[in-house]
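Input: a single structure, listed below in C-alpha cells.
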Amino acid sequence: MNKKLTLVICIQAIVIVLLLWTLIFYGQDEYETYQKAHEEEIESPLRVAIKDGTSTVQLNANTQKNSGIYTSKLKPASFHNEAKALGTVVTIDPLLEAKTQYVNLQAELRLAESGNSHHVTQYQRLKALNDDDKNVSDISVQDALATINADNAKIMAIKSQLGNLESSLRAQWGNALSNLIVGNATSEHLTRLFAHKNVLVQISLPLGMGTPDKDSVLYITPLGEQVSPITATYISPASKSDASGLGKTFYYSAPAESLRVGMRVNAIPKGTDRKSV
Numbered sequence: 362m363n364k365k366l367t368l369v370i371c372i373q374a375i376v377i378v379l380l381l382w383t384l385i386f387y388g389q390d391e392y393e394t395y396q397k398a399h400e401e402e403i404e405s406p407l408r409v410a411i412k413d414g415t416s417t418v419q420l421n422a423n424t425q426k427n428s429g430i431y432t433s434k435l436k437p438a439s440f441h442n443e444a445k446a447l448g449t450v451v452t453i454d455p456l457l458e459a460k461t462q463y464v465n466l467q468a469e470l471r472l473a474e475s476g477n478s479h480h481v482t483q484y485q486r487l488k489a490l491n492d493d494d495k496n497v498s499d500i501s502v503q504d505a506l507a508t509i510n511a512d513n514a515k516i517m518a519i520k521s522q523l524g525n526l527e528s529s530l531r532a533q534w535g536n537a538l539s540n541l542i543v544g545n546a547t548s549e550h551l552t553r554l555f556a557h558k559n560v561l562v563q564i565s566l567p568l569g570m571g572t573p574d575k576d577s578v579l580y581i582t583p584l585g586e587q588v589s590p591i592t593a594t595y596i597s598p599a600s601k602s603d604a605s606g607l608g609k610t611f612y613y614s615a616p617a618e619s620l621r622v623g624m625r626v627n628a629i630p631k632g633t634d635r636k637s638v
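Heads up, the working numbering is the position in the sequence shown plus 361, with the first residue counted as 1.
Put into C-alpha cells, the structure is as follows:
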C-alpha cells in the first residue's frame, strides 16, 4: 500500500513539474514579446505634431525613401487671373426723354433768339424815327424795348433749363453718355445706342479692379444662356450700384442682337498675370 501511494505521489510531482516548466516556457515567450513591443514603442520617434494649428506628419529621410516618398521645393508659376462679374442690361429711356427735352429747348432757344434779333432791329428803327422829330411816339419805343427785355428774359430762362439739364445728365450718366445729347459723341458704339443697335449694360466689377481703360472690352453672356461671348466696350463709370450691392459699377455698350433690357449677364473682364506657387 505504501509503495502504491509513493508511486502516485511521484507521478503527481512529475506532472506538477512539467506543468510549471510549460507555464514558465510559454510565459517567457509572451514576456519577451511584450517587452520587445514596449521597447519599440518607447524608441519609436513621435511623427505627428501640431504646427501653426495644423496636424503634420514628420518622417525622416530613410522612412521617406523606404515609403517611396519624394519631395521638392515649390516653384513660382504664372497664371492668368480672370475675375467674374455680373451686370444688367439697363434701359436708356431716360436718356431718350432727356434728348427730346434738350432738342425742344434748343428749338425754343433758336426761336427766341431769332425773335429777339427781329425785335432789336424793330426797336432801333422806331428809336431812330423817334429821335427824328418824334415821328413815332415815345410809347412805341418803350413798348419795343420792353419786348426786347422780355425776349432776353426768355432766352436766359431757356439757357438756365439747358444748363440744369446738362448738369443733371452728367451727374446721372457721366460725360460720355451725356455727350450723346449735349455734345458731339463720335464713338460708333455710343451712337449705336440711340439707333437701338447697341444696348447699355451696367457691369459690377470687383472692388480690387481699377477703372477700365477707355474703349477697353470685356465679354458678357446672358445669365443661364448658352451663347457665344458678346464683346462689350467700356463707356464710363456708373452712378448707380448693382442690385447685389457689390463691386464698382461701370457702363458698357454691347450689340443688341442677343440682349434685352432687364437681362442679367455674366461678365469676364481681362485679368492680370500674377506669380503664385
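All residues carry an ideal CB built from backbone N, CA and C; glycine is no exception.
Can you look up residue i in the DSSP assignment and give me helix, strand or coil?
i    : result
V622 : coil
K575 : coil
Q419 : coil
T367 : helix
K601 : coil
A628 : strand
S478 : helix
V521 : The residue you asked about is not Val; residue 521 is Ser in the sequence shown. In this structure, S521 counts as helix in the three-state DSSP scheme.
Just to confirm, does residue i get its C-beta within under 8 Å of one of the non-hydrogen atoms of the ligand MN?
i    : result
K434 : No copy of the ligand MN appears in this structure; indeed no ligand is present at all.
In angstroms, rounded to a whole number, what distance separates the CA positions of residue i and residue j?
i    : j    : result
S548 : V451 : 20 Å
T367 : Q373 : 10 Å
M517 : F555 : 29 Å
A615 : I591 : 7 Å
C371 : L381 : 15 Å
Going by beta-carbon coordinates alone, are residue i and residue j separated by less than 9 Å?
i    : j    : result
A446 : L579 : yes
L541 : L456 : yes
F611 : I564 : yes
A593 : T449 : no
A628 : K558 : no
N477 : D504 : no
L487 : S475 : no
Classify residue i as buried or exposed, calling it buried when 16 or more other Cβ atoms lie within 10 Å of its own Cβ.
i    : result
H480 : buried
S602 : exposed
G385 : Residue identity check: residue 385 is Ile in the sequence provided, not Gly. Burial call: exposed.
Can you tell me which of the options puts its alpha carbon nearest to the alpha carbon of residue i?
i    : options                : result
E527 : R486, V464, S501, S498 : V464
I596 : G623, G608, K609, H550 : H550
Taking only beta-carbon positions, decide if residue i is within less than 9 Å of chain D.
i    : result
D512 : Checking the listed chains, one finds no chain D in this structure; it contains a single protein chain.
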